[in-house]
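2 protein chains.
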Amino acid sequence: MKRRYAILAPGHFAHDAKTAHGVIAYSSDETVAVIDPAGAGKRVRDVVSHLDSDLPIVASVAEALQYAPSALLIGTAPIGGGLPTAWRAEILAAIAAKLEIVSGLHDQLADDSEFKLAAQRAGTKIWDVREPPEVPLFSGAVYNVTTPTLLLVGNDCAVGKMTVALELCRAAERAGMRAAFVPTGQTGIMIAGWGISVDRVIADFAPGAAETLVLYAAQSKPDLIVVEGQGAINHPAYAPVTLALMYGAAPDTLVLVVDPARERVSGFNTPTLHYRELIRVHEALLATVKPARTVGIALNTRSLDEAQARAEIARARGETGLPADDVVRYGPDALYAEIALELNVKGKPCGG
Amino acid sequence: MKRRYAILAPGHFAHDAKTAHGVIAYSSDETVAVIDPAGAGKRVRDVVSHLDSDLPIVASVAEALQYAPSALLIGTAPIGGGLPTAWRAEILAAIAAKLEIVSGLHDQLADDSEFKLAAQRAGTKIWDVREPPEVPLFSGAVYNVTTPTLLLVGNDCAVGKMTVALELCRAAERAGMRAAFVPTGQTGIMIAGWGISVDRVIADFAPGAAETLVLYAAQSKPDLIVVEGQGAINHPAYAPVTLALMYGAAPDTLVLVVDPARERVSGFNTPTLHYRELIRVHEALLATVKPARTVGIALNTRSLDEAQARAEIARARGETGLPADDVVRYGPDALYAEIALELNVKGKPCGG
Numbered sequence: 000m001k002r003r004y005a006i007l008a009p010g011h012f013a014h015d016a017k018t019a020h021g022v023i024a025y026s027s028d029e030t031v032a033v034i035d036p037a038g039a040g041k042r043v044r045d046v047v048s049h050l051d052s053d054l055p056i057v058a059s060v061a062e063a064l065q066y067a068p069s070a071l072l073i074g075t076a077p078i079g080g081g082l083p084t085a086w087r088a089e090i091l092a093a094i095a096a097k098l099e100i101v102s103g104l105h106d107q108l109a110d111d112s113e114f115k116l117a118a119q120r121a122g123t124k125i126w127d128v129r130e131p132p133e134v135p136l137f138s139g140a141v142y143n144v145t146t147p148t149l150l151l152v153g154n155d156c157a158v159g160k161m162t163v164a165l166e167l168c169r170a171a172e173r174a175g176m177r178a179a180f181v182p183t184g185q186t187g188i189m190i191a192g193w194g195i196s197v198d199r200v201i202a203d204f205a206p207g208a209a210e211t212l213v214l215y216a217a218q219s220k221p222d223l224i225v226v227e228g229q230g231a232i233n234h235p236a237y238a239p240v241t242l243a244l245m246y247g248a249a250p251d252t253l254v255l256v257v258d259p260a261r262e263r264v265s266g267f268n269t270p271t272l273h274y275r276e277l278i279r280v281h282e283a284l285l286a287t288v289k290p291a292r293t294v295g296i297a298l299n300t301r302s303l304d305e306a307q308a309r310a311e312i313a314r315a316r317g318e319t320g321l322p323a324d325d326v327v328r329y330g331p332d333a334l335y336a337e338i339a340l341e342l343n344v345k346g347k348p349c350g351g
Numbered sequence: 000m001k002r003r004y005a006i007l008a009p010g011h012f013a014h015d016a017k018t019a020h021g022v023i024a025y026s027s028d029e030t031v032a033v034i035d036p037a038g039a040g041k042r043v044r045d046v047v048s049h050l051d052s053d054l055p056i057v058a059s060v061a062e063a064l065q066y067a068p069s070a071l072l073i074g075t076a077p078i079g080g081g082l083p084t085a086w087r088a089e090i091l092a093a094i095a096a097k098l099e100i101v102s103g104l105h106d107q108l109a110d111d112s113e114f115k116l117a118a119q120r121a122g123t124k125i126w127d128v129r130e131p132p133e134v135p136l137f138s139g140a141v142y143n144v145t146t147p148t149l150l151l152v153g154n155d156c157a158v159g160k161m162t163v164a165l166e167l168c169r170a171a172e173r174a175g176m177r178a179a180f181v182p183t184g185q186t187g188i189m190i191a192g193w194g195i196s197v198d199r200v201i202a203d204f205a206p207g208a209a210e211t212l213v214l215y216a217a218q219s220k221p222d223l224i225v226v227e228g229q230g231a232i233n234h235p236a237y238a239p240v241t242l243a244l245m246y247g248a249a250p251d252t253l254v255l256v257v258d259p260a261r262e263r264v265s266g267f268n269t270p271t272l273h274y275r276e277l278i279r280v281h282e283a284l285l286a287t288v289k290p291a292r293t294v295g296i297a298l299n300t301r302s303l304d305e306a307q308a309r310a311e312i313a314r315a316r317g318e319t320g321l322p323a324d325d326v327v328r329y330g331p332d333a334l335y336a337e338i339a340l341e342l343n344v345k346g347k348p349c350g351g
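Protein chains in written order, with numbering that gives the first Met the number 0: chain W, 0 to 351; chain U, 0 to 351.
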């Protein structure tokens with residue numbers, strides 16, 4: 000059953016609520032209201048124009064109840080460490096109204112004794128999406144999945160891998176394919192309503208988490224599985240999670256997601272890799288376990304003007320000979336059309 | 000202060016106690032007795048000839064106390080899932096005698112209410128070595144370590160990376176260098192008396208765990224840091240931990256540990272990589288973050304006869320142009336002498 004979300008983002012919605020914006024734009028669950036006193040009385044499009052949504056912004060959970068939400072989504076963290084009293088009161092009001100609580104906060108709400116007791120009494124649930132379930136070790140069962148599988152990889156973290164995955168799924172659906180988006184991080188999980196934060200899994204089990212996600216997605220027998228990527232293969236802190244997805248999801252094809260404005264990976268002096276290096280490093284690693292081919296490049300040209308964006312896309316095509324585009328700026332259909340034939344190919348593991 | 004270990008291995012010591020054998024052979028802590036009723040009255044060398052040790056084997060903790068141990072080490076798991084009654088009684092006897100309990104068991108002994116209460120009353124500690132401490136995210140502070148750092152990498156898990164690391168440290172010490180062994184897994188931790196099981200750390204924090212270990216080892220200002228490796232870069236389940244050590248420990252040099260009898264990585268059909276592929280894959284990845292050079296190959300020729308072993312070592316040298324030897328079969332001094340000059344070089348991170 001689909002959720003009907005009220006999104007809690009007091010003082011945050013307009014400027015600092017990436018998860019809320021992602022859920023409104025992409026979730027198959029429905030959002031019925033946004034709770035932010037700073038924008039109360041307005042519509043979502045009045046404060047976040049690119050969303051172009053008529054959703055109401057209200058001041059409180061009590062006001063949001065008129066839109067009959069089934070869940071309260073907390074996708075943005077309050078400023079500072081702890082949970083402010085005002086947020087606590089709103090969460091308790093939602094629990095009392097029997098709303099499910101879906102939280103991406105760092106602190107686990109289900110471990111908070113007041114929330115836990117209130118949820119027990121109300122007979123509702125608290126889902127801390129960052130907290131992974133127990134997963135098995137990687138088994139190789141993913142090699143028996145017959146659905147072609149695409150993984151997004153990038154030149155850095157936070158370059159738009161999730162957005163590209165979602166846009167390519169939309170384009171695939173428009174082209175008559177059934178595409179399954181596989182969420183591997185907090186925002187993706189909130190958008191899809193399921194998934195595992197692979198970066199929160201114990202290191203030895205991270206490939207098993209990726210495998211579990213792909214096996215689950217394959218159960219609904221889609222035509223294509225699209226796995227949200229994480230980190231970057233040369234990010235000194237986050238590359239192990241990137242590699243866990245590469246080996247654990249066992250993709251057949253890769254799409255690079257590149258923000259050409261990133262000269263260094265986030266937080267470090269490590270230079271980002273250029274198009275051809277990215278292709279070589281990822282394909283060389285996968286060639287040792289289960290080969291995958293890079294079939295396209297999705298650029299994030301947000302920091303470029305129109306002429307610069309077109310020039311960079313042309314450069315990416317020229318340097319690699321691969322289809323390239325910005326799927327947010329120009330829509331995903333053109334890139335999808337160019338790579339569609341390549342996606343529909345199932346590969347085998349080495350030695351398999 | 001050094002520990003004085005009594006090692007608990009009922010029914011296991013002769014055949015199935017890799018950790019116990021490693022601690023006796025390599026630990027800077029002292030072992031004073033082995034507890035195994037199956038061998039009681041004998042000496043260690045009577046049942047494990049390659050250890051050549053005069054240590055007594057006794058039937059119980061009560062008998063071991065005459066050798067004044069300060070800690071009980073449990074390095075081998077009982078057969079089957081739970082902890083048998085006989086083991087529980089021995090552990091409780093050790094706690095009552097105020098011995099520290101050092102356990103590599105999967106189940107945490109410190110979480111067992113009976114052991115916990117007994118330890119509180121006796122005023123002693125329970126150390127579950129598999130359980131990692133909280134570690135920070137990778138910060139790059141390791142790039143400021145001025146001690147040359149060597150990492151062991153291999154063609155599979157369980158090929159002898161820890162043993163090679165320990166043997167190279169011994170050879171370095173004999174050559175007048177102060178070498179610091181950095182333990183990254185359970186047996187290494189028990190041998191060194193400190194360390195982190197990096198495979199048990201949450202994936203996002205695994206490089207931070209490796210960095211923390213190297214920063215700690217550097218505090219004693221050794222001439223050389225030797226980091227125990229884990230897994231293999233093309234092992235579909237364990238490669239993320241391998242990569243976490245590669246980026247997190249930020250080595251200057253690599254030594255390959257290769258068991259030439261392994262045609263597939265443990266548990267999977269994935270073919271193992273050959274000498275030149277291993278060098279290329281590891282160096283190509285590290286070149287994107289902090290370059291490191293492969294300086295030698297340590298072969299594990301246990302499965303080969305003398306002529307085969309010499310032929311394989313010659314083949315490794317011929318194919319790579321690098322020093323190669325079996326440091327267990329022929330001792331580590333010759334290989335160490337060949338690579339010593341190369342080890343003493345400190346590299347810089349990319350963009351640093």
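Backbone N, C-alpha and C define an ideal beta-carbon position, used for all residues, glycine too.
Query, Result
"What residues match up with U:Ser102 in a beta bridge as DSSP calls it?", "U:Ile73 and U:Asp127"
"Looking at the structure shown, is U:Pro270 part of a helix, part of a strand, or coil, going by DSSP?", "strand"
"Please confirm whether W:Arg199 has its beta-carbon closer than 7 Å to some beta-carbon of chain U.", "yes"
"Give every residue of the same chain whose Cβ lies closer than 8 Å to the Cβ of W:Thr211, excluding the five residues on either side of it in the sequence, and list them in chain order.", "Val134, Pro135 and Ile195"
"Per DSSP, which one or two residues make a beta bridge with W:Thr352?", "No answer is possible for residue 352 of chain W: it lies beyond the span of chain W, which begins at 0 and ends at 351."
"If we define contact as Cβ-Cβ less than 7 Å, is W:Asn233 a contact residue for chain U?", "yes"
"Can at least three beta-carbon pairs, one atom from the segment 158-172 of chain U and one from the segment 322-339 of chain U, be found at a separation below 8 Å?", "yes"
"Between U:Leu303 and the rest of its own chain, which residues show a CB-CB distance below 7 Å, the 5 nearest in sequence each way excluded?", "Glu311"
"Answer with yes or no whether the minimum CB distance from W:Thr30 to chain U is below 7 Å.", "no"
"Could one say the Cβ of W:Tyr246 lies closer than 7 Å to chain U's Cβ atoms, at least one of them?", "yes"
"With a cut-off of 7 Å, does the C-beta of U:Asp203 fall near any C-beta of chain W?", "yes"
"When DSSP labels each residue in this structure, what does W:Phe114 get in the three-state scheme?", "helix"
"List the residues of chain W that U:Phe357 touches, going by C-beta distances under 7 Å, in chain order.", "Because residue 357 of chain U is not part of the residues shown, which for chain U are 0 to 351, the question remains open."
"Which class does U:Ile6 belong to by DSSP, given the choice of helix, strand or coil?", "strand"
"Anyone know if the C-beta pair for W:Val256 and W:Gly122 falls short of 7 Å?", "no"
"With a threshold of 7 Å between beta carbons, is U:Cys349 in contact with chain W?", "yes"
"What residues from chain U crowd round W:Leu104, counting only those whose CB sits closer than 7 Å?", "Under the 7 Å cutoff, chain U gives no residues; its nearest Cβ is about 17 Å from W:Leu104."
"What's the call for W:Asp155, buried or exposed, on a 16-neighbour Cβ count within 10 Å?", "buried"
"Count Cβ pairs between the segment 179-192 of chain U and the segment 15-30 of chain U that sit closer than 8 Å; are there 3 or more?", "yes"
"Could you tell me the alpha carbon to alpha carbon distance between U:Thr183 and U:Gln119, rounded to whole angstroms?", "29 Å"
"Using DSSP's beta-bridge definition, name the partner residues of U:Arg42.", "U:Pro55"
"Under 7 Å between beta-carbons, which chain A residues line up against U:Pro270? List them in chain order, please.", "Annotation note: the requested chain A is absent from the structure, which comprises protein chains W and U."
"So, with DSSP's three-state summary, where would you put U:Ile34?", "strand"
"Please confirm if U:Thr287 has its CB atom under 7 Å from at least one CB of chain W.", "yes"
"I need the DSSP call for W:Val163, collapsed to helix, strand or coil.", "helix"
"In the DSSP assignment, what are the bridge partners of U:Gly228?", "Bridge partners of U:Gly228: none, in fact."
"Look up U:Leu91 in the DSSP assignment and say whether it is helix, strand or coil.", "helix"
"Give the single residue among W:Gly247, W:Asp53, W:Thr186 and W:Pro68 whose Cα lies nearest to the Cα of W:Arg129.", "W:Thr186"
"Between which two residues does the beta strand (DSSP E) containing W:Val144 stretch?", "That residue, W:Val144, is in no beta strand (DSSP E); it is neither H nor E in DSSP."
"Starting from U:Ala179 and walking both ways along the beta strand (DSSP E), at which residues does that stretch end?", "Ala178 to Val181"
"Going by DSSP, what residue range makes up the alpha helix (DSSP H) through U:Tyr329?", "No alpha helix (DSSP H) contains U:Tyr329, which DSSP labels as neither H nor E."
"Could you compute how far the alpha carbon of W:Glu341 sits from the alpha carbon of W:Leu334?", "12 Å"
"Suppose contacts are defined by Cβ-Cβ distances below 7 Å. Is W:Val200 in contact with W:Pro132 by that definition?", "no"
"I'd like to check one pair, W:Arg44 with W:Asp51: are the Cβ atoms closer than 7 Å?", "yes"
"7 Å is my cut-off, CB to CB: does U:Pro147 come that close to chain W?", "no"
"Hey, how far is the Cα of U:Leu104 from the Cα of W:Tyr246?", "28 Å"
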